[in-house]
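What follows is one structure encoded as structure tokens, with my remarks underneath.
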Amino acid sequence: MKDDEEAADEDDHGKPAGASASPRRAVSGGEAVSGRYGAGGRGSSMSRSPGPGGDGEGHGGRRADDAARGADTDGSLVSQQIASLAECRSVDEYERLNRVSEGTYGVVFRARCKRTGRICALKKIKMEKERDGFPVTSIREINILLNLHHPNIVNVSEVVMGNRLDQIYMVMEFMDHDLKSLMNDESQMVRSFSVAEVKCLMRQLLSGIHYLHVNWVIHRDLKTSNILYNNHGELKICDFGLARQFGSPLRSYTQPVVTLWYRPPELLLGETLYSTAVDMWSIGCIMAELLTGKPLFPGQGDIEQLDKICNVLGTPNEDVWPGLKKLPHWGKIVLRPQPSQLRQRFTSAFGSGATLTEAGFDLLSRLLAYDPAQRISAEEALDHRCVYASLLMLAIY
């Protein structure tokens with residue numbers, strides 16, 4: 042059941058996700074916690090644990106890095122979680138109301154808890170492609186989400202089962218929209234997001250990503266369709282099927298990750314040693330998409346994707362990206378010299394619908410820095426003057 046990436050992950054390099062050193066400063070309790078969490082599976086070992094005080098406060102149970110200490114390989118994690126399925130509650134305790142969406146790793150239904158009447162989402166894990174048992178991607182997602190507690194990360198309260206082993210569901214909080222569908226729905230979006238609204242959304246997104254990164258987790262598939270949003274103005278990150286815990290020094294990953302339009306140039310050029318900077322590039326793409334209402338780099342295939350990036354950011358060289366020519370695919374691709382047009386894209390003259398201040402442009406350009414070592418971190422972006430004062434919640438209009 043292991044692919045090349047899992048085999049690469051199981052070498053002896055690097056600390057496990059529970060390593061004592063932190064890549065960024067710790068998240069304060071008030072920033073990382075929401076009282077809404079911890080209302081899950083009542084005794085099931087695959088339900089969300091309450092916080093140290095038993096009421097959802099603090100970090101709300103084990104952190105993702107703590108959970109990894111006894112399960113730092115996919116094999117042991119699979120065996121632990123499958124053993125826990127016997128203690129899960131039945132899906133019959135929920136009434137399915139309607140189908141919401143379907144993705145690579147599962148089908149999502151809107152549902153109601155028969156006992157409490159609470160509306161939730163049921164994500165049915167896809168099993169038909171798995172010859173060797175439980176999907177590793179789903180194991181990772183369940184493990185991470187049951188151990189992460191943050192107001193900007195979707196809450197998974199428990200895992201429930203149907204009558205067969207291939208009928209396994211994650212019980213998640215229900216959110217009204219994802220950002221991609223919302224932006225494409227003219228009945229909901231009578232106009233594009235304003236710059237002020239984008240700042241509010243960005244602060245929530247960066248807060249959730251900062252929490253992931255200080256807990257040694259890379260999402261690896263950030264895009265507007267994986268960001269949920271409700272009618273109270275709350276943003277939550279979802280779909281952790283490609284998320285991975287990382288250590289220091291970095292491990293090598295070989296499997297392609299990140300949806301093409303949001304994939305950073307180092308991955309397009311074959312880099313296998315990467316870290317949190319891949320998420321930050323995706324956030325830059327999302328910021329631009331929120332401002333303009335359309336993807337910034339809509340390429341078809343890796344080569345065209347690189348050309349789209351160069352068309353906006355200019356063609357990179359060793360001056361802006363030291364080590365560029367050492368990347369595996371650099372010699373295989375010829376990129377025509379192009380100047381940067383990023384600033385022009387966000388002026389009234391370009392007609393994109395969004396005019397960025399110098400502070401806004403500085404944040405966007407640092408998110409989209411070619412050199413991953415120079416790309417802004419989530420912690421730094423949260424402190425950036427463009428988003429620092431954006432504390433008001435955004436409501437659907």
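Taking the numbering used here, the leading residue of the sequence shown gets 42, the next gets one more, and so forth. A virtual CB, placed ideally from N, CA and C, is assigned to each residue, including glycine.
N-terminal and C-terminal residue of the alpha helix (DSSP H) that residue i is part of
i: residue 402; result: 399-408
i: residue 419; result: 419-423
Residue i vs residue j beta-carbon contact at 8 Å
i: residue 411; j: residue 354; result: yes
i: residue 214; j: residue 196; result: yes
i: residue 239; j: residue 328; result: yes
i: residue 379; j: residue 352; result: yes
i: residue 259; j: residue 324; result: no
i: residue 136; j: residue 156; result: no
i: residue 216; j: residue 428; result: no
i: residue 332; j: residue 395; result: yes
i: residue 247; j: residue 400; result: no
i: residue 371; j: residue 310; result: yes
i: residue 148; j: residue 162; result: no
i: residue 374; j: residue 344; result: yes
i: residue 271; j: residue 278; result: no
i: residue 425; j: residue 397; result: no
Per-residue DSSP class, three states only, for residue i
i: residue 252; result: helix
i: residue 209; result: strand
i: residue 221; result: helix
i: residue 241; result: helix
i: residue 132; result: helix
i: residue 200; result: strand
i: residue 92; result: Below a pLDDT of 50, predicted positions are generally treated as unreliable, and residue 92, at 38, falls in that range; no measurement from the model is reported.
i: residue 195; result: coil
i: residue 227; result: coil
i: residue 138; result: strand
i: residue 236; result: helix
i: residue 427; result: coil
Residue range of the unbroken beta strand (DSSP E) whose run includes residue i
i: residue 179; result: From DSSP, residue 179 is part of no beta strand (DSSP E) but of the alpha helix (DSSP H) over 177-186.
i: residue 147; result: 147-154
i: residue 163; result: 160-166
Contacting residues, own chain, Cβ-Cβ under 6 Å from residue i (five flanking each side not counted)
i: residue 52; result: In this prediction, residue 52 has a pLDDT of 38, which is less than 50 and means its spatial position is unreliable; what the coordinates show is noted afterwards. If we look at residue 52 and ignore the five residues flanking it on each side, it has no Cβ neighbours.
i: residue 413; result: 307 and 318
i: residue 245; result: 193 and 276
i: residue 203; result: 132
i: residue 305; result: 319 and 322
i: residue 168; result: 207
i: residue 369; result: 311
i: residue 264; result: 300 and 303
Own chain, CB closer than 7 Å to residue i, minus 5 neighbours either side, in chain order
i: residue 406; result: 383
i: residue 316; result: 259, 287 and 291
i: residue 402; result: 384 and 387
Cut-off 8 Å between Cβ atoms - residues of its own chain near residue i, not counting five sequence neighbours on either side
i: residue 139; result: 150 and 151
**OP:** May I have a chain-ordered list of the alpha helix (DSSP H) segments no shorter than 4 residues that lie completely inside the segment 327-395?
**Re:** 343-354 and 383-386
**OP:** May I have a chain-ordered list of the alpha helix (DSSP H) segments no shorter than 4 residues that lie completely inside the segment 266-323?
**Re:** 306-309
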